[in-house]
Amino acid sequence: CELEKVKAGAGISGETDLPRIVGKIIGIFLSVLGVIFVVLTVYAGFLWMTAQGSDEKVKKAQKMLSQGVIGIVIIVLAYAISNFVVSKLSTL
Numbered sequence: 039c040e041l042e043k044v045k046a047g048a049g050i051s052g053e054t055d056l057p058r059i060v061g062k063i064i065g066i067f068l069s070v071l072g073v074i075f076v077v078l079t080v081y082a083g084f085l086w087m088t089a090q091g092s093d094e095k096v097k098k099a100q101k102m103l104s105q106g107v108i109g110i111v112i113i114v115l116a117y118a119i120s121n122f123v124v125s126k127l128s129t130l
């Protein structure tokens, strides 16, 4: 069959297992969240730099930075846990 030849030429296997698919979906989702939090952190840094001495703006930027750091830590931990669980499920 031509489809099998194309699939083999592209390096795509016909086997799909649920843990691998779920792992990829989780990885993509967490990657998008990571990008969002990095953008928010950069934005908070920009707000801080352009605060021009305004205490209210500086506090807002500091709060955003701390929330961004907490968010990145949570994302990294979620990625590590999901990666561990998916790898254990795929060996069953």
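Residues in the sequence shown are numbered consecutively from 39, following this note's numbering. The beta-carbon is built from N, C-alpha and C at its ideal position, and this holds for glycine as well. Everything numeric in this text was worked out from a predicted model, so none of it was measured.
Return helix, strand or coil for residue i, following the three-state DSSP convention.
i    : result
T129 : coil
G91  : coil
I need the straight-line Cα distance from residue i to residue j, nearest angstrom please.
i    : j    : result
L103 : S125 : 33 Å
E42  : I66  : 27 Å
R58  : T79  : 31 Å
L56  : F84  : 42 Å
Q90  : Y81  : 15 Å
S120 : I64  : 7 Å
Leaving out five residues on either side along the sequence, give the residues of the same chain with a beta carbon under 6 Å from the beta carbon of residue i.
i    : result
V114 : none
Y117 : L68
I10  : The first residue shown for the chain is 39 and the last is 130, placing residue 10 beyond what the model contains.
Note down, in chain order, each residue of its chain lying with its Cβ closer than 8 Å to the Cβ of residue i, except the 5 sequence neighbours on either side.
i   : result
W86 : K95, V96, A99, Q100 and L103
L71 : G109 and I113
When burial is assigned at 16 or more other CB atoms within 10 Å of the CB, is residue i buried or exposed?
i    : result
G106 : buried
F75  : buried
Can you give me the Cβ contacts of residue i inside the same chain, cut-off strictly under 7 Å, excluding the 5 residues immediately before and after it?
i    : result
T88  : none
V60  : V124
L127 : P57
Hey, is residue i's beta-carbon within less than 8 Å of any beta-carbon in chain B?
i   : result
K97 : This model lacks chain B altogether; it includes just one protein chain.
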